[in-house]
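Written out below as structure tokens is the structure these notes cover.
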Amino acid sequence: MTIWDDRILEIIREEESGTSTELAKRDEIHIAQSTVSRRLQKLGEHDLLRPLGNGVYVLTDEGEAYLEEKYDAERERYINGGGSSDGENGTDATDGPGINS
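In terms of the UniProt record's numbering, the sequence shown opens at residue 1 and continues consecutively.
The structure is reproduced here in structure tokens:
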């Protein structure tokens, strides 16, 4: 995760959705729109955001849990046996490539 990922997630939580164009215009984001777009895609690949189409993304349960420090995005699992609302406890860690790639 990068500092920009955290800011992107925080803004999308606050605004309830976001696009790379909207996010790149924000004072809190100091990276190019193309970089924001890549980060949105990466966050989507790690289930922290869900694409709605037309470049619009919303926060997932995992994204919300990550912001509350209850979800490990690198390992893609809940921390301390926590889980999503569907009852998954996230005990199976994945050792795949990290979110920074």
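Each residue gets a CB set at the ideal place from its N, CA and C atoms; glycine is no exception.
Where the beta strand (DSSP E) containing residue i begins and where it ends
{"i": "arginine 50", "result": "49-53"}
Alpha-carbon spacing of residue i relative to residue j, whole angstroms
{"i": "isoleucine 12", "j": "leucine 52", "result": "13 Å"}
{"i": "threonine 2", "j": "aspartate 61", "result": "19 Å"}
{"i": "glycine 63", "j": "asparagine 80", "result": "16 Å"}
{"i": "isoleucine 8", "j": "glutamine 33", "result": "12 Å"}
{"i": "leucine 49", "j": "glutamate 14", "result": "13 Å"}
{"i": "leucine 23", "j": "lysine 42", "result": "15 Å"}
{"i": "arginine 75", "j": "glutamate 28", "result": "27 Å"}
{"i": "valine 36", "j": "glutamate 68", "result": "22 Å"}
{"i": "glutamate 10", "j": "valine 58", "result": "11 Å"}
{"i": "lysine 70", "j": "glycine 44", "result": "18 Å"}
Residues that DSSP places opposite residue i in a beta bridge
{"i": "aspartate 72", "result": "Arg77"}
{"i": "tyrosine 57", "result": "Gly18 and Pro51"}
Residue j beta carbon less than 7 Å from that of residue i
{"i": "tryptophan 4", "j": "arginine 26", "result": "no"}
{"i": "alanine 65", "j": "histidine 46", "result": "no"}
Boundaries of the alpha helix (DSSP H) in which residue i is found, first to last residue
{"i": "threonine 35", "result": "33-45"}
>> Within 8 Å, do at least three Cβ pairs link the stretch 52-63 to the stretch 11-26?
In response: Counting Cβ pairs under 8 Å, three or more are found: they touch.
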